[in-house]
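Each remark here refers to the structure printed beneath this line.
There are 2 protein chains.
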Amino acid sequence: MEERRAEEQPRRRSDGERTHAAILDTAMRLASVEGLGSLTIGRLAKELGVSKSGVFAHFRSKERLQLETLAAAGEVFEREVLEPGLKAAPGLARLQALCEAHLSYIQRGVFPGGCFFAQVLAEYDAVSGPIHDEVADGQGGWFGLLEQEARTAQQAGELAAGVDPVQLVFELAAPVELANYLSVLNRDPRFVERGRRAVRERLAQAATSPA
Amino acid sequence: MEERRAEEQPRRRSDGERTHAAILDTAMRLASVEGLGSLTIGRLAKELGVSKSGVFAHFRSKERLQLETLAAAGEVFEREVLEPGLKAAPGLARLQALCEAHLSYIQRGVFPGGCFFAQVLAEYDAVSGPIHDEVADGQGGWFGLLEQEARTAQQAGELAAGVDPVQLVFELAAPVELANYLSVLNRDPRFVERGRRAVRERLAQAATSPA
DNA sequence: CCTACCGATCGGTAGG
DNA sequence: CCTACCGATCGGTAGG
């Protein structure tokens, strides 16, 4: 028997699921600014106007809250960076599109504190534990994807034979990363433009024909 | 009347000054790993085997402790990066030496969590206040120094006339920054080598004669 | 989802 | 530098 839900469409998700998602949404915004370690259950509760144990019940430990927040930010990254970037054709075009999507996501201020993963990377790079490991995995996956596109580009003759794909990806990701930190630090989007220029010039230099 | 101090040389500094310096030393190490915001007076006290108020008395507020820790880290940076880098002749040689000194300081693990300023940059880029402002000033000063050397190099004909000194410094600093984060994240010094290679190649490309 | 509570720790103060 | 203390907040639990 089908239930009639015409008037209730926005409620296909249960209230509990919607609250859960709302908590994670606030948690992502807070953590992008102040860090995942500064997230506190009480602070989130106040921000959302619910009781502390009301928030706690959704996660059962602070670490699970942190890990779920990280996973939720991963979904945002996929939607805002991977999805638009992957629309480009494999190879050089896609490599450039992924870098540009990353820069655009920084420039648009998808997270108020800049790139969520740049924040937690710096925060957990020297701290062992499950968050460190998740961040390292995510970072490795992102670079791996870029390297794959660089190899595809090279096999297609779009990149010079002498180019090292791993080194190239390092040199493309570096200005994007710095653009994020400096644009947030100085509240100046011109740093994103510097990153964009660096990426374009590095790609043009590695390409077999002028871009 | 001169006091005889032959046996007491290491005590030219008073006990209070030595304790103060010892607290800051521990604070720098802790903050480079866990962040300046995670510094707590109680934690420092335990680490040093003194009472909480014993530590507190040296700084009178947490913010002063943080700002003094930041200033102490600045002195380390001057000693470990600026001083060796500035020994090189002004211009291209010095620009390269400053980048190399920065990479070496990362690779040597002067701070256990990697570059102290990379840590606090990411931590405070989106958080307003005196720490943010100090970090922004320090970052601006460092880039300004590098840009000055780039201009000197260009005026001396060591860099091509078409090179934008500000953009060049951005593109030199970016791989150093990423090298820091990735070498710490993956506990793998080969990322420092990637940064070094990127800096060398970028400088060689900007130079008027092959390096 | 709530109130009420636990022990631990926070930054900071008083008084010595 | 110490002990002793303050109110606030932490993560988490009990019981509903």
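These protein sequence lines map, in sequence, to chains A and B. Throughout, my numbering is defined as the position within the first sequence, counted from one, plus 530. Throughout, my numbering is defined as the position within the second sequence, counted from one, plus 530. C-beta atoms are modelled at their ideal positions from N, C-alpha and C, and glycine is treated no differently.
Contacts around residue i, its chain only, beta-carbon distance under 7 Å, and the 5 residues preceding and following it disregarded
i: residue 677 (chain A); result: 695, 696, 699
i: residue 554 (chain B); result: 598, 599, 602
i: residue 728 (chain B); result: 705
i: residue 629 (chain B); result: 702, 706, 729
i: residue 584 (chain B); result: 575
i: residue 738 (chain A); result: 687, 688, 689, 690
i: residue 710 (chain B); result: 636, 644, 645, 648
Own chain residues within Cβ distance below 8 Å of residue i, not counting five before or after
i: residue 556 (chain A); result: 574, 577, 578
i: residue 558 (chain B); result: 599, 602, 603, 606, 641, 646
i: residue 660 (chain B); result: 593, 597
i: residue 681 (chain A); result: 695
i: residue 747 (chain B); result: Since the first residue shown for chain B is 531 and the last is 741, residue 747 (chain B) is missing from the structure and cannot be characterised.
Exposure label - residue i; buried when at least 16 CB within 10 Å
i: residue 687 (chain B); result: exposed
i: residue 621 (chain B); result: buried
i: residue 713 (chain B); result: buried
i: residue 565 (chain A); result: buried
i: residue 669 (chain A); result: buried
i: residue 701 (chain A); result: buried
i: residue 656 (chain A); result: buried
i: residue 551 (chain B); result: exposed
i: residue 726 (chain A); result: buried
i: residue 734 (chain B); result: exposed
i: residue 732 (chain B); result: buried
i: residue 596 (chain A); result: buried
i: residue 644 (chain A); result: buried
i: residue 692 (chain B); result: exposed
i: residue 653 (chain B); result: buried
i: residue 562 (chain A); result: buried
i: residue 685 (chain A); result: exposed
i: residue 615 (chain A); result: buried
i: residue 724 (chain B); result: buried
i: residue 608 (chain B); result: exposed
i: residue 547 (chain A); result: exposed
Enclosing alpha helix (DSSP H) for residue i [first to last residue]
i: residue 721 (chain A); result: 720 to 736
i: residue 632 (chain B); result: 622 to 637
i: residue 599 (chain A); result: 592 to 607
i: residue 584 (chain B); result: 582 to 586
i: residue 716 (chain B); result: It is not in any alpha helix (DSSP H) - residue 716 (chain B) carries neither H nor E in the DSSP assignment.
i: residue 663 (chain A); result: 660 to 685
i: residue 617 (chain A); result: That residue, residue 617 (chain A), is in no alpha helix (DSSP H); it is neither H nor E in DSSP.
i: residue 641 (chain B); result: First-last for residue 641 (chain B): undefined, no H or E at that position.
i: residue 572 (chain A); result: 571 to 578
i: residue 563 (chain A); result: 545 to 564
Neighbour flag for residue i against chain B, beta carbons, 8 Å
i: residue 606 (chain A); result: no
i: residue 727 (chain A); result: yes
i: residue 734 (chain A); result: no
i: residue 715 (chain A); result: yes
i: residue 669 (chain A); result: yes
is_contact[residue i, chain A] using C-beta, thresh 8 Å
i: residue 722 (chain B); result: no
i: residue 697 (chain B); result: yes
i: residue 675 (chain B); result: no
i: residue 737 (chain B); result: no
i: residue 603 (chain B); result: no
i: residue 746 (chain B); result: Lying outside 531 to 741, the shown extent of chain B, residue 746 (chain B) is not represented and no answer is given.
i: residue 666 (chain B); result: yes
i: residue 730 (chain B); result: no
i: residue 534 (chain B); result: Caution applies to residue 534 (chain B), whose pLDDT of 40 falls short of 50 and renders its modelled position unreliable; the value that the coordinates give is listed next. Chain A contact via Cβ: absent.
Close beta carbons around residue i, own chain, < 6 Å, minus the five adjacent residues each side
i: residue 618 (chain B); result: 624, 627
i: residue 586 (chain B); result: 571
i: residue 611 (chain B); result: 631, 632, 635
Residue i Cβ short of 7 Å to the ligand HEM heavy atom set
i: residue 611 (chain B); result: The ligand HEM is not among the ligands present in this structure, which contains no ligands whatsoever.
Can you pull out the residues from the region 643 to 657 of chain B whose beta carbon lies closer than 7 Å to at least one beta carbon of chain A? 643, 644, 648, 649, 651, 652, 653, 655, 656, 657
Residues of the region 678 to 710 of chain B whose Cβ lies closer than 7 Å to any Cβ of chain A, in chain order: 697, 700, 701, 703, 704, 705, 707, 708
For the region 538 to 570 of chain B, list every residue whose C-beta sits within 8 Å of some C-beta in chain A, in sequence order. 562, 563, 564, 565, 567, 568
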